[in-house]
Amino acid sequence: RYVLQKALARDLPAIVVINKVDRGDARAQEVLDEVYQLFIDLEAADHHIEFEVISAVAREGRAMVGLGMPADDADLSPLLDTILDRIPAPDGDPSAPLQALVTNLDASEYLGRLAVGRIYQGALRKGEMVSLLEEEFVEGQPPLKRRLAQLMAYSGVGRVEQDELLAGDLFVVAGFPEVEIGDTIASIDNPVPLPRLTVDEPVLRMTFGVNTSPFAGRDGKYLTSRHLLDRLHKEVLGNVSIKLHPTESAEVMEVAGRGELQLAVLIESMRREGFELQVSRPEVITKEVNGKKFEPLERGVCDVPDEHVGAVTQALAPRKGRVVDLRPGDPGRSVITFECPSRGLIGFRSLLLTVTRGTAMLHQHHAGWMPWCGDLPHRTGGAMISDREGMVTAYALDNLQLRGTLFVEPGEKTYEGMVIGESARGDEMVVNAVRAKEKNNIRTHSHDDGVKLAAPVIHTLETAIEWIADDELVEITPKTIRIRKRFLGLEDRRKAYKKTS
Numbered sequence: 487r488y489v490l491q492k493a494l495a496r497d498l499p500a501i502v503v504i505n506k507v508d509r510g511d512a513r514a515q516e517v518l519d520e521v522y523q524l525f526i527d528l529e530a531a532d533h534h535i536e537f538e539v540i541s542a543v544a545r546e547g548r549a550m551v552g553l554g555m556p557a558d559d560a561d562l563s564p565l566l567d568t569i570l571d572r573i574p575a576p577d578g579d580p581s582a583p584l585q586a587l588v589t590n591l592d593a594s595e596y597l598g599r600l601a602v603g604r605i606y607q608g609a610l611r612k613g614e615m616v617s618l619l620e621e622e623f624v625e626g627q628p629p630l631k632r633r634l635a636q637l638m639a640y641s642g643v644g645r646v647e648q649d650e651l652l653a654g655d656l657f658v659v660a661g662f663p664e665v666e667i668g669d670t671i672a673s674i675d676n677p678v679p680l681p682r683l684t685v686d687e688p689v690l691r692m693t694f695g696v697n698t699s700p701f702a703g704r705d706g707k708y709l710t711s712r713h714l715l716d717r718l719h720k721e722v723l724g725n726v727s728i729k730l731h732p733t734e735s736a737e738v739m740e741v742a743g744r745g746e747l748q749l750a751v752l753i754e755s756m757r758r759e760g761f762e763l764q765v766s767r768p769e770v771i772t773k774e775v776n777g778k779k780f781e782p783l784e785r786g787v788c789d790v791p792d793e794h795v796g797a798v799t800q801a802l803a804p805r806k807g808r809v810v811d812l813r814p815g816d817p818g819r820s821v822i823t824f825e826c827p828s829r830g831l832i833g834f835r836s837l838l839l840t841v842t843r844g845t846a847m848l849h850q851h852h853a854g855w856m857p858w859c860g861d862l863p864h865r866t867g868g869a870m871i872s873d874r875e876g877m878v879t880a881y882a883l884d885n886l887q888l889r890g891t892l893f894v895e896p897g898e899k900t901y902e903g904m905v906i907g908e909s910a911r912g913d914e915m916v917v918n919a920v921r922a923k924e925k926n927n928i929r930t931h932s933h934d935d936g937v938k939l940a941a942p943v944i945h946t947l948e949t950a951i952e953w954i955a956d957d958e959l960v961e962i963t964p965k966t967i968r969i970r971k972r973f974l975g976l977e978d979r980r981k982a983y984k985k986t987s
């Protein structure tokens with residue numbers, strides 16, 4: 487839906503390819519009807535809806551025009567011919583002054599930042615001086631001038647060096663350390679910018695910081711702020727939807743992205759690479775419209791078994807979610823379309839898998855902005871905080887499990903300020919989780935009974951990020967995920983609370 491919406495906005499022609507028509511459970515006609523409905527929902531023009539339909543078995547390289555089963559001796563010629571017929575060829579003039587639009591970025595250890603894009607007119611030549619027209623460029627002012635240090639084109643999935651590329655070609659160039667998506671590469675003599683390509687702004691932000699816990703450095707390879715910043719800057723080069731902003735601390739960076747899942751994937755990737763870091767609770771990026779506060783709105787499509795429809799709608803209600811459509815899907819399943827504030831969907835994916843026993847499928851995307859809808863419910867219990875470093879004992883947990891839900895097991899190591907559970911009451915509890923049983927001469931049957939502990943709640947990255955409050959952090963290492971207070975000491979927390987209040 488999101489990609490099609492962008493394509494329709496640019497008036498691009500569409501070709502619909504329905505793949506896997508050889509499957510026993512294929513429902514090509516139903517899928518085509520859903521595609522038509524999607525075009526109608528997006529208010530597509532008549533010439534957009536009159537698209538060509540191709541049925542394909544891509545794994546075997548077979549295709550045909552229309553709905554049906556491609557013949558056994560068919561190939562992909564129908565698809566390729568349709569592309570040639572329906573997609574207009576580039577109409578740029580290779581002899582005109584250069585105009586090339588940067589549509590993506592990449593990075594190389596040897597060449598630095600790489601600009602990827604398409605030549606609209608003119609030609610690019612290796613070693614040639616060109617103008618770089620940035621967002622702030624104003625006609626009449628001298629533009630940045632750079633030399634094309636490297637020029638490459640695409641060949642299949644790889645890249646090959648070229649001496650010259652002409653209008654209509656896709657390019658990869660080096661020599662522009664300050665280039666951004668939407669910039670225009672133009673000729674020196676006639677620097678005219680192309681209409682700027684816009685990238686959707688991030689809607690969610692959180693802080694990434696160096697791990698400062700007492701257990702820092704035990705699991706990971708990359709521990710310093712230099713390692714962290716280098717990795718984040720490298721991510722930005724290849725992921726234009728992520729933005730970085732400095733904070734008051736040199737060891738903490740604010741990272742903004744399109745959603746919780748995108749940021750969680752980045753954190754998990756860094757964790758597997760050997761990084762240790764600590765992250766804050768995500769918060770949405772708001773904006774003012776006519777003096778009123780607006781927040782990002784998400785649209786979700788959830789495919790669930792029929793028996794779990796009620797559970798999904800109940801999970802959406804406290805998050806200010808609103809069901810906009812409910813229709814049958816595959817046999818025994820329903821498709822729920824809903825709208826919800828972005829902050830209401832923080833942690834929703836994990837909850838959805840829990841209430842549907844792992845049978846739900848969810849797709850969501852940014853759907854615009856909505857007026858601020860007030861506070862949303864968070865956790866009901868307070869944090870159960872360890873008051874000292876040591877090894878967790880079963881004897882201590884036996885008493886603590888009566889007062890809340892535990893996050894740790896006997897034998898785990900803990901430190902002062904680490905959150906080891908959630909209290910049943912709303913207040914925070916500072917507890918001793920390493921207390922050992924006193925040795926004495928009493929040997930009665932009741933004292934010798936074994937301790938029976940309930941299974942602890944093991945937080946995943948997504949559930950931990952959702953659970954924490956603003957004064958807490960998630961500590962992430964290659965081996966463990968812990969929840970901690972921003973200020974580990976009790977007195978430090980009291981001082982911080984007095985300042986904020």
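Residue numbers (our numbering): 487 to 987. Positions of the beta carbon are idealized from the N, C-alpha and C atoms, including for glycine.
Check: Cβ of T684 within 8 Å of any chain B Cβ; Outcome: Considering every chain present, this structure includes no chain B. It has just one protein chain.
Check: V790 versus T845: straight-line alpha-carbon distance, rounded; Outcome: 6 Å
Check: Classification of V696 by the beta-carbon crowding that lies within 10 angstroms, buried from 16 upward; Outcome: buried
Check: Residue from G876, E924 and S872 whose Cα sits closest to the Cα of E908; Outcome: S872
Check: Proximal residues to Q607 (C-beta, below 6 Å), its chain only, five neighbours per side dropped; Outcome: G578, D579, A582, Q585 and A653
Check: For M870 and H933, the rounded distance between their alpha carbons; Outcome: In this prediction, H933 has a pLDDT of 48, which is less than 50 and means its spatial position is unreliable; nothing more can be read from the coordinates.
Check: Status (buried if at least 16 other CB within 10 Å, exposed otherwise) for Y983; Outcome: exposed
Check: Cβ-Cβ distance between I967 and A950 below 8 Å; Outcome: yes
Check: Between the CA atoms of W953 and R865 - distance to the nearest angstrom; Outcome: 7 Å
Check: Alpha-carbon to alpha-carbon, V489 and I569; Outcome: 18 Å
Check: H533 Cβ short of 7 Å to the ligand NAP heavy atom set; Outcome: The ligand NAP is not part of this structure, which contains no ligands at all.
Check: Cβ contact (3+ pairs, closer than 8 Å) linking the stretch 814-823 and the stretch 849-865; Outcome: no
Check: Touching by the beta-carbon criterion (3+ pairs, under 8 Å), the stretch 661-674 and the stretch 639-647; Outcome: no
Check: C-beta atoms of G668 and L656 nearer than 8 Å; Outcome: no
Check: Run of the beta strand (DSSP E) containing N505, from where it starts to where it stops; Outcome: I501 to N505
Check: Same chain only: Cβ atoms within 6 Å of E977, ignoring 5 sequence neighbours per side; Outcome: none
Check: Three CB pairs or more closer than 8 Å across the stretch 752-766 and the stretch 702-717; Outcome: yes
Check: Rounded C-alpha distance that separates F525 from R487; Outcome: 9 Å
Check: Option nearest L939 by Cα separation, candidates V916, A880 and D571; Outcome: A880
Check: Per-residue DSSP class, three states only, for D934; Outcome: Any reading at D934 needs caution, since the residue's pLDDT is 44, under 50, leaving its predicted position unreliable; the model's value is listed next. Coil.
Check: Segment limits, alpha helix (DSSP H) that includes A575; Outcome: Element bounds for A575: n/a, residue is neither H nor E.
Check: Beta-carbon spacing of L837, A803 below 8 Å; Outcome: no
Check: Where the alpha helix (DSSP H) containing E924 begins and where it ends; Outcome: Run containing E924: none; DSSP gives neither H nor E here.
Check: Burial state of S735, where buried means 16 or more other Cβ atoms lie within 10 Å; Outcome: exposed
Check: Beta-ladder partner(s) of R808, from DSSP; Outcome: E825
Check: DSSP state of P791 mapped onto helix, strand, coil; Outcome: strand
Check: First and last residue of the uninterrupted alpha helix (DSSP H) at A514; Outcome: A514 to D527
Check: Burial state of P576, where buried means 16 or more other Cβ atoms lie within 10 Å; Outcome: exposed
Check: Closest by C-alpha distance to E754, when choosing among I962, K985 and G833; Outcome: I962
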